[in-house]
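Report on the structure given below.
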Ligand SMILES: Cc1cc2nc3c(=O)[nH]c(=O)nc-3n(C[C@H](O)[C@H](O)[C@H](O)COP(=O)(O)OP(=O)(O)OC[C@H]3O[C@@H](n4cnc5c(N)ncnc54)[C@H](O)[C@@H]3O)c2cc1C
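Written as structure tokens, this is what we have:
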């Protein structure tokens, strides 16, 4: 059970949620249902949320950019106080969040769900200015549009490179789904072009399924260079669009550099992250193990073996909402399970997936044997088509579940 919470007039307690992504928005919506008398404030600087799931489909021309946008107005209409501002500081002792706009919000419990920050300067030379020439598109919005435009602008025969950081990072299959959908686009529109994946890892999520799709759908377009074959990009020159590994250098037509990541700035500033850059939590409630009374969810928390995904963030949020509601009611949190499903598209009608259910045991998160799996290697075309449809259905239902629209 969580520790006792203060009682205020007219409500049974106050929760401040920082960050309106999949983790924060889902917590707000579910806590609203589970604990109608708790005052909930969601702090988020943007009026609209720009999804990363399905952004690769937008970059690959399979969906319009409008697919990715969700409005916070719906949350505001359901009894959640949405404050459009940035949290600057968490004042633990006073139980207050200080906002960039100057205001302060008092809380009994805080949920910090700021997603990721990008570790600028890695690879060497990759900073905010470089990201204008070499988009990362690893956060939603303008960067996604920039990468899409850059892909559409390359000449036939031009080489596209994707630089993948060392794990862990947001969305483990994401770089390879992106490679797939960019390769599918090149195959159709720039048939002499190639795509090179320069990887700081030696293996990746759903690897054999992706590799099989690449050989089947657009043979010869994608080349994957793992870290053990000098794949890690060490330095970039944005002016000449050149990527440098230990031994080689690649001057390309388009460079998509995905930098290494860590928990969002506010989590670091609040002392919630450790030397890894991520925030350790008690998985029974996602309460920080470093700062009592503060919960950290989504990409920002260290929840391995769960991946950093929207699906995981949504599931963690529900567990946290249950734990918070129980705490405000003076009850013990019910035993809860966690879940993750990640669909990846390799082309318009070719989908693959991985899923897993987890339980909380001995202070850790443990996969439930037999309660997950990956798409079969030898699936017929109609199953890949069906999984592409399920991917679309998953996206529509998780965004409705998280944002209410
Ligand atoms: C290309 C790509 C494809 C992906 N595809 C999938 C997929 O198919 N399936 C899947 O499950 N996942 C996918 N993901 C991963 C998914 O996007 C993330 O795991 C998910 O967004 C994490 O949710 P979050 O709430 O932790 O963080 P975010 O969604 O990043 O939300 C964080 C929010 O916090 C706000 N914020 C930050 N700092 C502050 C502050 N100081 N004050 C107030 N607000 C703040 C931000 O504005 C933002 O709205 C993909 C990611 C990428 C990059």
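Residue numbers (this note's numbering): 62 to 466. No residue lacks a Cβ here, since even glycine has one placed at the ideal position from N, Cα and C. In this text, all values refer to a predicted model and were calculated from it rather than measured experimentally.
From which residue to which residue does the alpha helix (DSSP H) around residue i run?
i	result
residue 236	235 to 250
residue 447	442 to 464
residue 345	From DSSP, residue 345 is part of no alpha helix (DSSP H); its letter is neither H nor E.
residue 138	Unbroken run through residue 138: none, as it is neither H nor E.
residue 277	268 to 278
residue 90	83 to 95
residue 119	116 to 120
residue 209	203 to 214
Using a Cβ-Cβ cutoff of less than 6 Å, which residues in the same chain neighbour residue i once the five nearest sequence positions on both sides are dropped?
i	result
residue 415	267, 403 and 435
residue 334	324, 328 and 340
residue 271	237
residue 244	256, 279, 282 and 283
residue 446	410
residue 400	376 and 418
residue 67	Because residue 67 carries a pLDDT of 42, less than 50, the predicted location of this residue cannot be relied on, and the following value inherits that uncertainty. So the qualifying residues of the chain are 169.
residue 432	418
residue 62	With a pLDDT of 34 at residue 62, under the threshold of 50, the modelled position of this residue cannot be trusted; read the value that follows with caution. 393.
residue 344	421 and 426
residue 184	294, 295, 296 and 297
residue 65	In this prediction, residue 65 scores a pLDDT of 38, lower than 50, which makes its location untrustworthy; the coordinate-derived value is nonetheless stated afterwards. The answer is none, since no qualifying residue turns up.
residue 248	279 and 282
residue 70	Per-residue confidence for residue 70 stands at a pLDDT of 49, beneath the threshold of 50, marking its modelled position as unreliable; no derived number is given.
residue 258	223, 240 and 285
Return the chain-ordered list of same chain residues with a C-beta closer than 8 Å to the C-beta of residue i, the five sequence neighbours on each side being excluded.
i	result
residue 142	100, 101, 102 and 103
residue 288	227, 260, 261, 262 and 263
residue 273	438
residue 234	265, 266, 267, 271, 403, 405 and 415
residue 326	175 and 178
Measure from the alpha carbon of residue i to the alpha carbon of each residue in the options, then state which is nearest.
i	options	result
residue 74	86, 158 and 98	98
residue 188	96, 318 and 131	318
residue 146	138, 156, 161 and 136	161
residue 218	135, 250, 443 and 199	250
residue 354	278, 388 and 336	388
residue 169	365, 154, 132 and 309	154
residue 120	320, 140, 199 and 351	199
residue 342	356, 331, 92 and 300	356
residue 106	462, 133, 221 and 466	133
residue 229	150, 322 and 286	322
residue 295	186, 442, 465 and 210	186
residue 347	443, 465, 172 and 202	172
residue 166	144, 180 and 181	144
residue 315	213, 221 and 89	221
residue 90	108, 139, 276 and 79	139
residue 214	246, 192 and 164	246
residue 202	108, 305 and 303	108
Would you kindly report the start and end of the unbroken beta strand (DSSP E) that includes residue i?
i	result
residue 412	411 to 422
residue 255	255 to 260
residue 222	220 to 225
residue 150	148 to 152
residue 486	Outside the shown range of the chain, which is 62 to 466, sits residue 486, and nothing can be said about it.
residue 426	425 to 435
residue 127	Here residue 127 belongs to no beta strand (DSSP E), and DSSP marks it neither H nor E.
residue 102	100 to 104
residue 305	303 to 305
residue 79	75 to 79
With 9 Å set as the bound, which would you pick, yes or no: does the beta-carbon of residue i sit closer than that to a beta-carbon of chain C?
i	result
residue 179	Of the protein chains in the structure, only one exists, and it is not chain C.
What residues in its chain sit with their C-beta under 7 Å from that of residue i, if we drop five residues either side in the sequence?
i	result
residue 152	159
residue 366	426 and 428
residue 460	112 and 131
residue 92	76, 99, 101, 382, 385 and 386
Closer than 8 Å: is that where the CB of residue i sits relative to any heavy atom of ligand 3?
i	result
residue 123	This structure lacks ligand 3; the ligands present are ligand 1.
Worksheet item: With a cut-off of 8 Å, do at least 3 Cβ pairs link the stretch 359 to 373 to the stretch 78 to 97?
Response: At 8 Å Cβ cutoff, the stretches touch.
Practice prompt. Taking 8 Å as the threshold, find out whether the stretch 105 to 120 comes into contact with the stretch 444 to 464 through three or more Cβ pairs.
Written response: Counting Cβ pairs under 8 Å, three or more are found: they touch.
Worksheet item: Touching or not, the stretch 119 to 130 and the stretch 187 to 207, by the rule of three or more beta carbon pairs under 8 Å?
Response: Contact holds: three or more Cβ-Cβ distances are below 8 Å.
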